[in-house]
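Participant: In the working numbering, the protein residues as written are 8 to 139.
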Amino acid sequence: MSRSRVPLALGLTAAGGVGYYLYSAGGDPKVAQKKAEADAHRASAQFKSELPGRGEETKKDIEKYGAQAGAKADNALNKTQAELQKAAAEAEAYARDAKNATLKKVDEFDKKVEAEASKAKSGISSWFGGSK
8 MSRSRVPLAL GLTAAGGVGY YLYSAGGDPK VAQKKAEADA HRASAQFKSE LPGRGEETKK
68 DIEKYGAQAG AKADNALNKT QAELQKAAAE AEAYARDAKN ATLKKVDEFD KKVEAEASKA
128 KSGISSWFGG SK
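Right, dumping it as structure tokens:
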């Protein structure tokens with residue numbers, strides 16, 4: 008008695024199903040077959056409608072998740088653009104400060120050169136009898 012009882016149970020269930028449809032059809036096998044097909048189609052449609060991933064709810068969920076993903080992408084893009092604008096402004100300010108500092112050093116150098124040139128000119132003029 009080590010054989011499985013599953014085939015026996017399946018056979019009895021199938022025979023019971025055939026008997027039910029024959030009895031409800033009044034013994035006419037064609038009518039019983041049509042009723043069985045209609046019930047199978049109805050059960051299949053009901054099963055498919057209850058599956059996740061079907062119907063309006065799934066469409067709405069997909070739209071909701073798509074909108075959330077789009078909002079996150081937009082947020083990241085806006086944040087990146089703001090950081091780039093801030094970095095550009097800082098770089099521009101640094102360049103402006105560097106330019107101002109360089110011009111200040113050039114002006115100081117020019118004043119020093121002019122002062123030394125003036126001194127040298129007066130020194131050379133005094134050799135030749137100029138007064139200054």
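Glycine included, each C-beta is placed from N, C-alpha and C at the ideal position.
Measure the C-alpha to C-alpha separation of Lys106 and Glu121 and round it to an integer number of angstroms.
Facilitator: The straight-line gap from Cα to Cα measures roughly 22 Å.
Participant: Which value, in whole angstroms, describes the spacing of the CA atoms of Ala94 and Glu115?
Facilitator: Those two C-alpha atoms are separated by around 31 Å.
Participant: Just reading off the alpha helix (DSSP H) that Ala47 is part of, what are its end residues?
Facilitator: Element bounds for Ala47: 36 to 57.
Participant: Tell me which residue opens and which closes the alpha helix (DSSP H) that Ser31 is part of.
Facilitator: Note, Ser31: alpha helix (DSSP H), 13 to 31.
Participant: Taking Cβ positions only, does Thr87 come closer than 8 Å to chain C?
Facilitator: No chain C is present in this structure, which holds just one protein chain.
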